[in-house]
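Below is one structure; the comments refer to it alone.
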Amino acid sequence: MLAKIKAWFETPDDTAPGLTSGEAATALMVEIMMADHDLDDREEALIIERLKHRAESGEGEDSIRALVEAAKKRQRETHDMFQFTKVINDDYSVEQKVELITDLWRTALADGEVDKHEEHLIRRINDLLHLHHSHFIQAKLTAHQE
1 MLAKIKAWFE TPDDTAPGLT SGEAATALMV EIMMADHDLD DREEALIIER LKHRAESGEG
61 EDSIRALVEA AKKRQRETHD MFQFTKVIND DYSVEQKVEL ITDLWRTALA DGEVDKHEEH
121 LIRRINDLLH LHHSHFIQAK LTAHQE
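For the sequence shown, the positions run 1 to 146 when the UniProt record's numbering is used.
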């Protein structure tokens, strides 16, 4: 009986098993792409471009497209971002997190306008990544200037 009560209060690991930081970052970018419920090819093209830029191992476009498709599927199946931000928090430096927030802004801007839902999600992700508001503003300005 005591074991059941203890199990009730134990917190399960909310991260998806085997999720890499690259997969988590891609899932967050896809989350921004889908936030305005208006799928735009420019947003997906930008995500692919940013992933190519980030790829250290020189991954080909086919493997990057497969990563984006897997992130789309994961986005449809999950309802929280904590599992993704937890992986990012564990693996990324502050500078890498700011670069990710900048990429999220770039994704939101790819279709020419930032929807209020996109901005809200980026702000939420910024908070979940334990970044300061100044990082949020810095990333936004950087993305707008490009």
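Glycine residues also receive a C-beta, built at the ideal position from the N, C-alpha and C atoms.
How many angstroms separate the CA atom of residue i from the CA atom of residue j?
i	j	result
T85	L128	6 Å
residue 164	D111	What the structure shows of the chain is the stretch from 1 to 146, and residue 164 is not part of that stretch, so it cannot be assessed.
L39	D90	30 Å
R50	A108	13 Å
L19	L67	12 Å
D80	A70	16 Å
Q145	E43	17 Å
L46	S21	19 Å
H135	D62	33 Å
K6	A24	With a pLDDT of 43 at K6, under the threshold of 50, the modelled position of this residue cannot be trusted; read the value that follows with caution. Roughly 31 Å between the two C-alpha positions.
V94	D41	30 Å
H120	E113	14 Å
Y92	H133	18 Å
R124	E99	16 Å
Excluding sequence positions up to five away, which residues of its chain have a Cβ less than 8 Å from the Cβ of residue i?
i	result
Q75	A27, V30, E31 and M34
Give a yes or no on whether the minimum CB-CB distance between residue i and chain B is below 8 Å.
i	result
T26	This model lacks chain B altogether, as it is built from one protein chain only.
Whole-angstrom Cβ separation of residue i and residue j, contact assumed at under 8 Å?
i	j	result
N126	I88	In fact, because the Cβ distance is near 11 Å, the residues do not count as touching under 8 Å.
I64	A55	7 Å
Which term fits residue i, buried or exposed, when burial requires 16 or more other beta carbons within 10 angstroms of its beta carbon?
i	result
K140	buried
K73	exposed
E118	buried
I137	exposed
Ignore the nearest five residues each way along the sequence and tell me which others in residue i's own chain have a CB closer than 6 Å to its CB.
i	result
D115	D36
A143	T102, W105, R106 and L109
I122	L104
Tell me which residues share the same chain as residue i and place their Cβ nearer than 7 Å to its Cβ, disregarding the 5 neighbours each side in the sequence.
i	result
K97	I88, L129 and L131
E77	none
(message) Going residue by residue through the UniProt domain "Co-chaperone DjlA N-terminal" (23-140), where are the continuous alpha helix (DSSP H) segments of at least 4 residues, counting only ones entirely within it?
(response) When DSSP assignments are scanned along the UniProt domain "Co-chaperone DjlA N-terminal" (23-140), the uninterrupted stretches of alpha helix (DSSP H) that are 4 or more residues long and fall wholly within it turn out to be 41-54, 61-77, 82-91, 94-109 and 116-128.
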